[in-house]
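There are 2 protein chains.
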Amino acid sequence: MAERPLRADARRNRERVLAAAAEAFAERGYDVPLDEIATAAGVGPGTVYRHFPTKEALFEAVSLARVQEHVADARARATAVDPGAAFDGFLARLADEAGRKRDLPDALAGAGAEGVAEAVAELQDALGVLLTRAQAAGAVRREITVKDLIALLKGMLYVVRTAPEPELRAHVYAVLRDGLRPPAG
Amino acid sequence: MAERPLRADARRNRERVLAAAAEAFAERGYDVPLDEIATAAGVGPGTVYRHFPTKEALFEAVSLARVQEHVADARARATAVDPGAAFDGFLARLADEAGRKRDLPDALAGAGAEGVAEAVAELQDALGVLLTRAQAAGAVRREITVKDLIALLKGMLYVVRTAPEPELRAHVYAVLRDGLRPPAG
DNA sequence: GACTATACGGAACGATCGCCCCGCTTAGCC
DNA sequence: GGCTAAGCGGGGCGATCGTTCCGTATAGTC
């Protein structure tokens, strides 16, 4: 165990690779060749493999960071005075982020990764709090489960990713938000 | 021009390839190796290329058929007495179909194909009729455009494709349907 | 049944890409 | 400054896959 600390250059390179990968995956999805990520990081492919055993592992590392970011966001909103607004705020931020990060839907899908699945579970918990509170406040229909919600979010992210027009996005968001409200009649 | 008619075996093989491709794309998306499609069709890869200049062309042919199927469906519902029900029916059928056809979202996306884009335009027209009538009947909120609707449909198809549980699908459908209704207040 | 254009099958080519190896460089330490 | 282990780079291997080529088979025609 007792992991020896990384050499300074190694740590720097690891970070560069992560940053380059985050950007590359965000812009072009999982399909970017690994060599391109390496080049963007100013590093050889071998170096990437020194830090991440596999391309998928690299993707997972990036996904993990992405998901955890939103876990933190959800937690931060968990105690807001207005549960409905807190819920909406989370959705809005997620939608906004998705416009810049092509890989967000895939990250949420987990792709069968160990650590990411755990983070998604955390996200479920954190989102569950937001959801339950919003439901209790009458801002969201009651039969929706956290799983439903995450599925819907993935759908929204997918739409946003393939449709850059802000107006269209706004409509999609509005439909989702209103669809989540308790039915009128 | 004056295309000479295909030889009998050629026409049979062409059809087999199309059928095999439709099934393969439906189940596994665009990523199925072409050789597998050929094998499933009981044909060599060369034969596939005799009928379709490129793998993408084959995919487009399949997509075209898929989209046209729904164009026909939309048109058939255009004159129904209850515009709201007609609209709902179209949505429901589309959602149902998506469960069995992984490639439907991509087909709708058009993927930059000549003929498919045209079919999607037709779908827009046909859907536009359904939409306008549903809006006039007060069954769908007015600010939604056909483009919004198609984007939302793509999102729904994506969700359905990645989530096999029927209950979850039903919830997603319900949220979408209710989100499309005119807001209560 | 023979002839020919059409079509078929599948081996092989080339490009792409994930991943590994190994000789060279360099950080960390005395 | 010298020593050593950690780290680096990039050439290259192997697998996958789209596509092509060409010798063989067969439908269509007389």
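For the protein sequence lines, the chains are A and B, in the order given.
Using my numbering, read the first sequence as starting at 38 and increasing by one per residue.
Using my numbering, read the second sequence as starting at 38 and increasing by one per residue.
Note that the Cβ used here is the ideal one computed from N, Cα and C, for glycine as well.
Note that the structure is predicted; figures quoted are calculated from it, not measured.
Rounded to whole angstroms, what is the Cα-Cα separation between residue i and residue j?
i              : j              : result
P203 (chain B) : E159 (chain B) : 30 Å
E156 (chain A) : A144 (chain B) : One detail in the question is off: residue 156 (chain A) reads as Ala in this sequence, not Glu. Going by the C-alpha atoms only, they are around 32 Å apart.
A188 (chain A) : A61 (chain B)  : 25 Å
K191 (chain B) : R41 (chain A)  : 49 Å
L141 (chain A) : Y67 (chain A)  : 11 Å
A150 (chain B) : L194 (chain A) : 24 Å
R87 (chain A)  : I74 (chain A)  : 14 Å
G126 (chain A) : T84 (chain A)  : 40 Å
E180 (chain B) : R65 (chain A)  : 32 Å
A132 (chain A) : H208 (chain A) : 12 Å
E106 (chain B) : R112 (chain B) : 10 Å
D102 (chain B) : V99 (chain A)  : Looking at the sequence provided, one finds Ala at residue 102 (chain B) rather than Asp. Cα to Cα, A102 (chain B) sits roughly 38 Å from V99 (chain A).
E93 (chain B)  : N50 (chain B)  : 18 Å
L168 (chain A) : A154 (chain A) : 20 Å
G79 (chain B)  : E97 (chain B)  : 21 Å
R139 (chain B) : T116 (chain B) : 30 Å
A123 (chain A) : V69 (chain B)  : 43 Å
A163 (chain B) : T199 (chain A) : 22 Å
L71 (chain A)  : D46 (chain A)  : 20 Å
F89 (chain A)  : E52 (chain A)  : 12 Å
R44 (chain B)  : T91 (chain B)  : 21 Å
V104 (chain A) : A146 (chain B) : 27 Å
V166 (chain B) : G81 (chain A)  : 56 Å
Q161 (chain A) : T182 (chain A) : 10 Å
L95 (chain A)  : G152 (chain A) : 12 Å
L186 (chain A) : R48 (chain B)  : 48 Å
Y210 (chain A) : V118 (chain B) : 31 Å
R223 (chain B) : R114 (chain B) : No answer is possible for residue 223 (chain B): it lies beyond the span of chain B, which begins at 38 and ends at 222.
Determine, using beta carbons only, whether residue i and residue j come nearer to each other than 8 Å.
i              : j              : result
V197 (chain A) : A109 (chain A) : no
G175 (chain B) : V212 (chain A) : no
A77 (chain A)  : A57 (chain A)  : yes
L55 (chain B)  : K184 (chain A) : no
R178 (chain A) : P219 (chain A) : yes
P120 (chain B) : A173 (chain B) : yes
A221 (chain B) : A221 (chain A) : yes
Looking at chain A, is there any beta carbon in it that lies within less than 8 Å of the beta carbon of residue i?
i              : result
P203 (chain B) : no
G175 (chain B) : no
A200 (chain B) : yes
Y67 (chain B)  : no
A146 (chain B) : yes
V183 (chain B) : no
E242 (chain B) : Past the edges of chain B, shown from 38 to 222, lies residue 242 (chain B), and the structure says nothing about it.
V153 (chain B) : no
V212 (chain B) : yes
V104 (chain B) : no
H107 (chain B) : no
Any C-beta of chain B sitting closer than 8 Å to the C-beta of residue i?
i              : result
D215 (chain A) : yes
E97 (chain A)  : no
P220 (chain A) : yes
G192 (chain A) : yes
L189 (chain A) : yes
Y195 (chain A) : yes
Would you check whether the ligand PLP has a heavy atom nearer than 7 Å to the C-beta of residue i?
i              : result
R170 (chain B) : The ligand content of the structure shown is nil, which means the ligand PLP is not present either.
Please list the segments of the alpha helix (DSSP H) lying wholly inside the stretch 61 to 125 of chain A, counting only runs of 4 or more residues, in order along the chain. Runs of the alpha helix (DSSP H) inside the stretch 61 to 125 of chain A: 71 to 77, 82 to 88 and 92 to 114.
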